[in-house]
Amino acid sequence: AILSVGKTVEYHHQGFGGVVNVMPFSCMPSTVVSTQTMRISDDCADMPILNLSFDGQEDSTLTTRLEAFVEQVRQRQVGSGVPILR
């Protein structure tokens, strides 16, 4: 869990556009990390962070959530003048 938090901040300093935190459903350390990501996002200039938890079942909203995340990253990059990588 602590590595997830630390790496998220490190990725911000390295110029990453956003972070996807993938975690198993009902994993306590991952749940702690996911509650901290809003604060991390605020501290890291509103860097988009997407928390995805999986329980082995198909998630019908996954594609929509990923598309929305990608759009948030694009909008943040456009607003900051950072070139968009493809």
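The sequence shown begins at 499 in the working numbering and counts up by one.
Virtual Cβ for every residue (Gly too), placed ideally from N, Cα, C.
At the C-beta level, Phe552 and Val518 stay beyond 8 Å of one another.
CA-CA distance, Phe523 to Asn549, rounds to 11 Å. Per DSSP, the beta bridge partners of Ile547 are Val517. Per DSSP, reduced to three states, the secondary structure at Phe552 is strand. Selection Cys525, Thr535, Arg572, Gly577 evaluated against Lys505 yields Thr535 as nearest (Cα-Cα).
Between Ile547 and Val503 the beta-carbon gap is near 11 Å, outside 8 Å, which marks them as no contact.
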